[in-house]
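Those protein sequence lines, which keep their order, are chains U and Y.
Residue numbers for the first sequence follow our numbering, beginning at 148 and rising by one.
Residue numbers for the second sequence follow our numbering, beginning at 148 and rising by one.
We treat Cβ as the ideally placed atom computed from N, Cα and C, and that holds for glycine.
To start, the structure under review is shown below, and the notes come after it.
Protein chains: 2
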Amino acid sequence: MSLPHAILTALLEKPSSGLELTRRFDKSIGYFWSATHQQIYRELGKLEAEGLIRALPAEQPARGQRKSYEVLPAGRAELARWTAAAQDPKPMRDTLLLRLRAAAVVGTAGIEADLRRHLELHERQLAEYREIEKRDFPPGRDSPQDRLHHLILRAGIDLETFWTQWLAHALQEFTALPAGGPAPGVTDGEASNGGAGTTPRR
Amino acid sequence: MSLPHAILTALLEKPSSGLELTRRFDKSIGYFWSATHQQIYRELGKLEAEGLIRALPAEQPARGQRKSYEVLPAGRAELARWTAAAQDPKPMRDTLLLRLRAAAVVGTAGIEADLRRHLELHERQLAEYREIEKRDFPPGRDSPQDRLHHLILRAGIDLETFWTQWLAHALQEFTALPAGGPAPGVTDGEASNGGAGTTPRR
DNA sequence: CCCCATTGTGCAACTAGTTGCACAATGGGG
DNA sequence: CCCCATTGTGCAACTAGTTGCACAATGGGG
């Protein structure tokens, strides 16, 4: 739905080959819209077929050769259209929260280690964003583009900040919980055989 | 990937028919794992075929009739396994941030209204979460299950708080921007024909 | 009694994203 | 010179989620 527009944006910022795009999707743009190289090549083909981008004239366009693309006017127009069009935020899907909800039923055994790991990953990401902020947005720069890019980076920083704080709080909560976590089968308030979860009832 | 586990969790909390599940996915569980009724029916079929759930014996199991399901021991075991298994956070994909990045290239014309709309939507969601918190988590309740459920709700509240604050900040930033937003084609620092974005160059 | 809105279940086709390869060109090390 | 790791491009099959219907049962209004 949005990959073609992510690619158009990246190509407008700088005409690139598939591999260069892949690298840029591993940082910068990819921080909020990830894509694999296979997706990118496929989409480049479609965009070219639709006349939104074109391959830059290269010396020898043999296979296994870099092919760079640039955005055509129709591509820019499509991107402007898409950017301005209203879009509903799509409903969230978060595995970790779902697992926690499941843990409330089947027990928290085993999940704590992974929470800790996620905390570390988010801390690392946060540090990386802060590094970028320091490097790319020193106090002086405030052209409209800088402001927008900074705003986007700020969203990343604030989101990672939320996750690190929430995860830290969750882990704290866990240490206060009875050892091994809540027993399974508690929602109905009746007795259950409980246990490790792998034991079949009756 | 996670839908079957979301369904197992919901069914463990309370055996339900497809429609009941659909309703519960429109609130509660669905706040962090959304699913359509078609997805749910399809998945119920698979789970039953795999022996993880079974249909509760009903009076007349004719078509067009409610069929309720309950989780079998194998289903509970699978859910416990999945909950404890390590999982990498999957890379984020956020359309709004992508559109803002595109706007930095093709101009911000038209996007502001949608930011305002998103702000309202997030404010409404936040209010709803706060309502639920007040209703379901009065000061006294703090069984392990309550604590976990509250923790999850807190994540929702904090996320919506982030979005409302960030969007408010973004809108503020916009009023400070030159009218109509940045001109297109600015990244190379050279002159461009700028304009509305639909005008082809040359 | 029959029409029609509502409730409930489900299939089929499609779109987007992921996984697992295949294979060409390049260039340095033995 | 030839092997083999690296770089770069791409196809094919699969999985997950979405969209658009179809159709049965139920129950109230004319």
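Quiz item: Taking just the CA atoms, how far does Glu-167 of chain U sit from Ala-209 of chain U?
Solution: Counting from one through the first sequence, the residue named residue 209 of chain U turns up at place 62. Counting from one through the first sequence, the residue named residue 167 of chain U turns up at place 20. Low confidence applies to Ala-209 of chain U: its pLDDT is 42, below 50, so where it sits in the model is not reliable, and the reading given next is rough at best. Each residue's alpha carbon lies about 18 Å from the other.
Practice problem: My understanding is that Ile-200 of chain Y touches Leu-158 of chain Y, with C-beta atoms under 8 Å, so please give their C-beta distance in whole angstroms. | Solution: As a working note, residue 200 of chain Y is residue 53 in the second sequence. As a working note, residue 158 of chain Y is residue 11 in the second sequence. Right, their Cβ atoms sit about 6 Å apart.
Quiz item: What separation, rounded to the nearest whole angstrom, lies between the Cα atoms of Tyr-276 of chain U and Gln-272 of chain Y?
Solution: On the first sequence, residue 276 of chain U is found 129 positions in, with the first residue counted as 1. On the second sequence, residue 272 of chain Y is found 125 positions in, with the first residue counted as 1. For Tyr-276 of chain U and Gln-272 of chain Y, the distance between alpha carbons rounds to 28 Å.
Practice problem: Identify whether Glu-197 of chain U lies in helix, strand or coil by the three-state DSSP scheme. | Solution: For this step, residue 197 of chain U is matched to residue 50 along the first sequence. Three-state result, Glu-197 of chain U: coil.
Quiz item: How would you write the range of the beta strand (DSSP E) that Tyr-216 of chain U sits in, first residue to last?
Solution: Taking the first sequence and counting its residues from 1, one reaches residue 216 of chain U at position 69. Looking at the DSSP string, the run of the beta strand (DSSP E) that includes Tyr-216 of chain U is 215-218.
Quiz item: Near Tyr-178 of chain Y, what residues of its chain come up, given a Cβ to Cβ distance below 7 Å and the 5 sequence neighbours on each side ignored?
Solution: Reading the second sequence from its first residue, position 31 is the one you call residue 178 of chain Y. Here the set comprises Gly-303.
Exercise. Out of U:Gln-312, U:Leu-295, U:His-296, state which residue places its alpha-carbon closest to the alpha-carbon of Arg-301 of chain Y.
Key: Sequence index remark: in the second sequence, residue 301 of chain Y carries index 154 (1-based). With distances taken between Cα atoms, Arg-301 of chain Y lies closest to U:Gln-312.
Quiz item: In this structure, does DSSP put Gln-264 of chain U in helix, strand or coil?
Solution: Numbered from 1 along the first sequence, position 117 holds the residue referred to as residue 264 of chain U. One point to set straight first is that residue 264 of chain U is Arg, not Gln, in the sequence displayed. Looking at Arg-264 of chain U - three-state DSSP - the assignment turns out to be helix.
Practice problem: Name, in chain order, the residues that DSSP records as bridge partners for Arg-240 of chain U. | Solution: In the first sequence, counting from the first residue as 1, residue 240 of chain U sits at position 93. According to DSSP, which records beta bridges pairwise, Arg-240 of chain U is partnered with Y:Trp-180.
Exercise. Would you verify that the beta carbon of Ile-187 of chain Y is, or is not, closer than 9 Å to some beta carbon of chain U?
Key: The sequence position of residue 187 of chain Y within the second sequence is 40, counting from 1. Chain U, which has no Cβ nearer than 9 Å to the Cβ of Ile-187 of chain Y, makes this no.
Quiz prompt | DSSP beta-bridge partners of Ser-149 of chain Y | solution = Along the second sequence, read from residue 1 onward, the residue named residue 149 of chain Y stands at position 2. Note: Ser-149 of chain Y sits in no beta bridge, so no partner.
Quiz item: What is the rounded straight-line gap between the Cα of Ala-352 of chain U and the Cα of Leu-194 of chain Y?
Solution: Given that chain U is displayed from residue 148 to residue 349, the structure contains no residue 352 of chain U and the question cannot be resolved.
Quiz item: Taking buried to mean at least 16 other C-beta atoms within 10 Å of its own C-beta, is Gly-211 of chain U buried or exposed?
Solution: Position 64 of the first sequence, counted from the start, is the residue given in the question as residue 211 of chain U. Here Gly-211 of chain U scores only 45 on pLDDT, less than 50, and its place in the model should not be relied on; the value that follows carries that caveat. Answer is exposed; the Cβ neighbour count stays below 16.
Exercise. Using the Cα positions of Ala-323 of chain Y and Gln-292 of chain Y, report the straight-line distance between them to the nearest angstrom.
Key: Within the second sequence, residue 323 of chain Y is the residue found at index 176, counting from 1. Within the second sequence, residue 292 of chain Y is the residue found at index 145, counting from 1. Between Ala-323 of chain Y and Gln-292 of chain Y, the C-alpha separation is close to 47 Å.
Exercise. For the alpha helix (DSSP H) holding Ala-315 of chain Y, just list the boundary residues, first then last.
Key: The residue you call residue 315 of chain Y lines up with position 168 of the second sequence. From DSSP, the alpha helix (DSSP H) with Ala-315 of chain Y extends over 291-323.
Quiz item: Between His-297 of chain Y and the ligand SAH, is the CB less than 8 Å from at least one heavy atom?
Solution: Of ligands this structure carries none, so the ligand SAH is not represented either.
Quiz item: Can we say the segment 225-235 of chain U touches the segment 255-273 of chain U, given the rule of at least three CB pairs closer than 8 Å?
Solution: no
Quiz prompt | Interface flag, Gly-287 of chain Y vs chain U, CB-CB below 9 Å | solution = Locating residue 287 of chain Y in the second sequence gives position 140, counting from the first residue. No - not a single Cβ of chain U is within 9 Å of the one on Gly-287 of chain Y.
Exercise. Pull out every residue of the segment 166-188 of chain U whose Cβ sits closer than 8 Å to any Cβ of chain Y, in chain order.
Key: Ile-176, Gly-177, Tyr-178, Phe-179, Trp-180, Ser-181
Practice problem: Can you pull the chain Y residues whose beta carbon is under 8 Å from the beta carbon of Ile-258 of chain U, in chain order? | Solution: Within the first sequence, numbered from 1, the residue matching residue 258 of chain U stands at position 111. Correct list: Thr-230, Ala-231.
Quiz item: Exposed or buried, Glu-267 of chain U, counting other C-beta atoms within 10 Å across all chains shown (16 or more means buried)?
Solution: Mapped onto the first sequence, residue 267 of chain U falls at position 120. Exposed, because fewer than 16 other Cβ atoms sit within 10 Å of the Cβ of Glu-267 of chain U.
Quiz item: Of all the CB atoms in chain U, is at least one closer than 9 Å to the CB of Thr-311 of chain Y?
Solution: Position 164 of the second sequence holds residue 311 of chain Y. It does not: the Cβ of Thr-311 of chain Y has no partner Cβ on chain U nearer than 9 Å.
Quiz item: Using the C-alpha atoms, what's the distance from Val-218 of chain U back to Ala-153 of chain U?
Solution: As a first step, residue 153 of chain U must be located in the first sequence, where it is residue number 6. As a first step, residue 218 of chain U must be located in the first sequence, where it is residue number 71. Between Ala-153 of chain U and Val-218 of chain U, the C-alpha separation is close to 12 Å.
Quiz item: Where do the ends of the alpha helix (DSSP H) carrying Leu-168 of chain Y lie?
Solution: In the second sequence, the residue the question calls residue 168 of chain Y occupies position 21. That run of the alpha helix (DSSP H) goes 165-172.
Quiz prompt | Three-state class that DSSP yields for Ala-202 of chain Y in the structure shown | solution = Indexing the second sequence from 1 puts residue 202 of chain Y at position 55. Of the three classes helix, strand and coil, the one that applies to Ala-202 of chain Y here is strand, per DSSP.
Quiz item: If you check the beta carbons only, do Leu-247 of chain Y and Ile-299 of chain U fall under 9 Å apart?
Solution: To locate residue 247 of chain Y, count along the second sequence from 1; it is residue 100. To locate residue 299 of chain U, count along the first sequence from 1; it is residue 152. Cβ atoms of Leu-247 of chain Y and Ile-299 of chain U: closer than 9 Å.
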